[in-house]
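Input: a single structure, listed below in structure tokens.
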Amino acid sequence: MSTIRKMPIGVQSFEVIRKESFVYVDKTELIWRLVNESRVHFLSRPRRFGKSLLLSTLKAYFLGQKEFLLQDPDGYLLRFTD
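Given below as structure tokens:
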């Protein structure tokens, strides 16, 4: 019998979401494009739309928190953990 995973309602920390096995939608490709495009990005979204979580995810990416990352031929990508 599989365990039902918790939704990260109100959780803004990527680290907490990964460590406590909350449901997380992998946006690896979008994050890679955001980081590697040579443009300025303005993140204008409504309240409670995941802006702080995105920044927390980018922080983990740039700090090289490898427990959340997977090596890929094109570089490190975020990975799903059970």
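Just so we're aligned, residue 1 is where the sequence shown starts under UniProt numbering, counting upward by one. For glycine and all other residues, C-beta sits at the position ideal for the given N, C-alpha and C.
Can you look up residue i in the DSSP assignment and give me helix, strand or coil?
{"i": "residue 15", "result": "helix"}
{"i": "residue 57", "result": "helix"}
{"i": "residue 51", "result": "helix"}
{"i": "residue 9", "result": "coil"}
{"i": "residue 34", "result": "helix"}
{"i": "residue 20", "result": "coil"}
{"i": "residue 42", "result": "coil"}
Going by Cα to Cα distance, which pick from the options is closest to residue i?
{"i": "residue 5", "options": "36, 12 and 17", "result": "17"}
{"i": "residue 58", "options": "30, 46 and 11", "result": "30"}
{"i": "residue 25", "options": "44, 7 and 64", "result": "7"}
{"i": "residue 9", "options": "52, 40 and 60", "result": "52"}
{"i": "residue 11", "options": "60, 50 and 62", "result": "50"}
{"i": "residue 41", "options": "63, 54 and 60", "result": "54"}
Using beta-carbon positions only, say whether residue i and residue j come within less than 8 Å of one another.
{"i": "residue 14", "j": "residue 56", "result": "yes"}
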